[in-house]
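Protein chains in written order, with the numbering used here: chain H, 48 to 308; chain G, 403 to 665.
Okay, so here's the structure we're looking at.
If you want it as structure tokens, here you go:
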């Protein structure tokens, strides 16, 4: 009985999303056909557009370039943001000093930074990477600081009780205890970075999925390619999110995500 | 100068393992002062099993935290072996409810947590010994979230014992467990106490539990907590819950708590 229910839920978890997607594609197709629009492409046209990109040999290099840019910007943001966030979470004076600055800079859209990025880096791919860096930096700092602050005091007390020095307490208690929340923060920040790829690739680069969207519209109004680029960004985003979730399921981290299961 | 000499100089009795001298604690919250402990004095002997018994929120955990060096008393002092307690120390390990185990470490690594300075072989040996002592053989490589509450509690006790402390502080360690597991673990802690000969200070609000475990039950009043009475439990182990002496002692403690709370 219980097994049956479990099995049913498993099947549902696969079938339901496919049904929903199929329904959406169907509605999309019908809407395009019924309105007879010449601008909005039907699903099949988008599919053909994607195949065409693949044949021309630009699809994979574009995906690679976008991933590289997001990867670079995000990694740099993690390298700066994690230590900064941990320090802010650990030292109250630092938090008091930096919190207003972080809260002011955080809500500014990465789009607003485009002119600044160009002034600093010129028409150079580094300008695009810097936007991704900025977009992911603040979520990483804020979530790292929260991760440290939410370590149960009981763990700290136990570490102290076993005679750990401050550095040992950090390495053996605070960091592992904060890690699950830290990883979730990174996953969310990576999602933001990936969203920003389109905006970032409007600037100073001539490859990538964001560039594909802008370029396809500007050169020849190829809306089939625009939508193909959009969908590719969505699908790759989903896969990358799955990758982070797989990390969260690792044995020594899984305890932190019990509420999810 | 040895600790005993220091103690003799300070004029406190050398034979006590742990001395609580006129300890008071006042917390300040929102400009209001809350008196939690009122001039508590207590002598605990080496190897003794003491239960601090009192109603929830009466301040017995606060007292335990002061004994452990996690809180500073507002006035008064706690000495262990004549030495004033000012901070936490591996010679005195505090055992929380089972939530104190580190969920990112296996059972074996939890127990080895305080053994960082030992050579590998010795560390392994100690871990094996205490895994065995608390009955967790076969679960060495399990993670805490795969264990029941009772098993997690055993891990925490083993982790504490592994560093060979003089004193164990247990803060309502079985409070979150079901009553059957609680009974089993009471028997376990007595067996471990007999084997390891530690001084144990055990906080509980369970009258039965205190009579089953303690050499002496320290009955505390509601806040601000004072010691109302210290009841020696003169029943030999294993203790018979049905014996007339047991009922009599329970009556004594119940009266004492009843008086304190005007039931």
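Note that beta-carbon positions come from the ideal geometry of N, C-alpha and C, so glycine has one too.
This one's a predicted model, so the numbers in the text were calculated from it and none came from an experiment.
- Put simply, the CB of residue 299(H) is near chain G, with a gap under 9 Å to one of its CB atoms.
- Under the three-state reduction of DSSP output, residue 237(H) falls in the helix class.
- In the DSSP annotation of this structure, residue 158(H) is not part of any alpha helix (DSSP H), being labelled neither H nor E.
- Under the three-pair Cβ rule at 8 Å, the stretch 108–120 of chain H does not count as touching the stretch 216–224 of chain H.
- Of all residues in the stretch 564–585 of chain G, those with a C-beta nearer than 8 Å to a C-beta of chain H are 565, reading in chain order.
- Going by DSSP, residue 447(G) is part of the beta strand (DSSP E) stretching over 434–447.
- Cβ atoms of residue 629(G) and residue 619(G) stay farther apart than 8 Å, at about 11 Å.
- Within chain G, not a single residue places a beta-carbon under 7 Å from that of residue 136(H); the smallest gap is close to 18 Å.
- Residues of the stretch 219–244 of chain H with a C-beta atom less than 9 Å from some C-beta of chain G are 219, 220, 223, 224, 226, 227, listed in chain order.
- With a cut-off of 8 Å on Cβ pairs, the stretch 230–247 of chain H is not in contact with the stretch 87–98 of chain H, counting fewer than three such pairs.
- Note on geometry: alpha-carbon atoms of residue 454(G) and residue 606(G) lie some 6 Å from one another.
- For residue 116(H), the enclosing alpha helix (DSSP H) covers residues 106–137.
- With distances taken between CA atoms, residue 599(G) lies nearest to 566(G) out of 566(G), 584(G), 613(G).
- Within the same chain, and ignoring the five residues on either side of residue 191(H) in sequence, the residues whose Cβ sits closer than 7 Å to its Cβ are 128, 129, 132, 133, 136, 229, 232.
- The Cβ atoms of residue 276(H) and residue 256(H) lie closer than 9 Å to each other.
- The way I'd put it, the stretch 197–205 of chain H doesn't touch the stretch 139–146 of chain H; fewer than three beta-carbon pairs between them come closer than 8 Å.
- Secondary structure within the stretch 462–515 of chain G: the beta strand (DSSP E) runs of 3 or more consecutive residues, fully enclosed, are 477–482, 494–497 (chain order).
- Chain H has a Cβ within less than 9 Å of the Cβ of residue 545(G).
- Taking the Cβ atoms as the reference, residue 601(G) lies roughly 39 Å from residue 433(G), outside the contact range of under 8 Å.
- Nearest C-alpha to residue 282(H) among 110(H), 176(H), 181(H), 302(H): 110(H).
- The three-state secondary structure of residue 266(H), taken from DSSP, is coil.
- With contact defined as three or more Cβ pairs closer than 8 Å, the stretch 534–541 of chain G and the stretch 553–572 of chain G are in contact.
- Between the alpha carbons of residue 638(G) and residue 650(G) lies a gap of roughly 15 Å.
- A contact is defined here as three or more CB-CB pairs under 8 Å, and the stretch 583–599 of chain G fails this definition with respect to the stretch 505–523 of chain G.
- Taking 9 Å as the CB threshold, residue 199(H) lines the interface with chain G.
- For residue 207(H), the chain G residues whose C-beta falls within less than 7 Å of its own C-beta are 490, listed in chain order.
- When the beta-carbon positions are compared, residue 151(H) and residue 178(H) stay at least 9 Å from each other.
- Taking residue 114(H) as reference, the option from 258(H), 297(H), 212(H), 77(H) with the minimal CA-CA separation is 258(H).
- Counting every other CB atom within 10 Å of its CB across the protein chains shown gives residue 174(H) a total of 16 or more, marking it as buried.
- Membership of residue 95(H) in the alpha helix (DSSP H) is indicated by the continuous run 90–102.
- Shown in chain order are the members of the stretch 512–532 of chain G whose Cβ falls below 7 Å from a Cβ of chain H: 515, 516.
- In this structure residue 539(G) is exposed. Its beta-carbon is surrounded by fewer than 16 other beta-carbon atoms within 10 angstroms.
- As summarised for the stretch 147–224 of chain H, the continuous alpha helix (DSSP H) elements at least 4 residues long and confined to that stretch are 161–168, 172–196, 200–208, 213–216, given in chain order.
- Taking 8 Å as the upper bound for CB-CB distance, residue 154(H) and residue 243(H) are not in contact here, some 14 Å apart.
- Each residue's CA atom was taken as its position, placing residue 462(G) and residue 622(G) some 8 Å apart.
- Taken through DSSP and simplified to helix, strand or coil, residue 625(G) comes out as coil.
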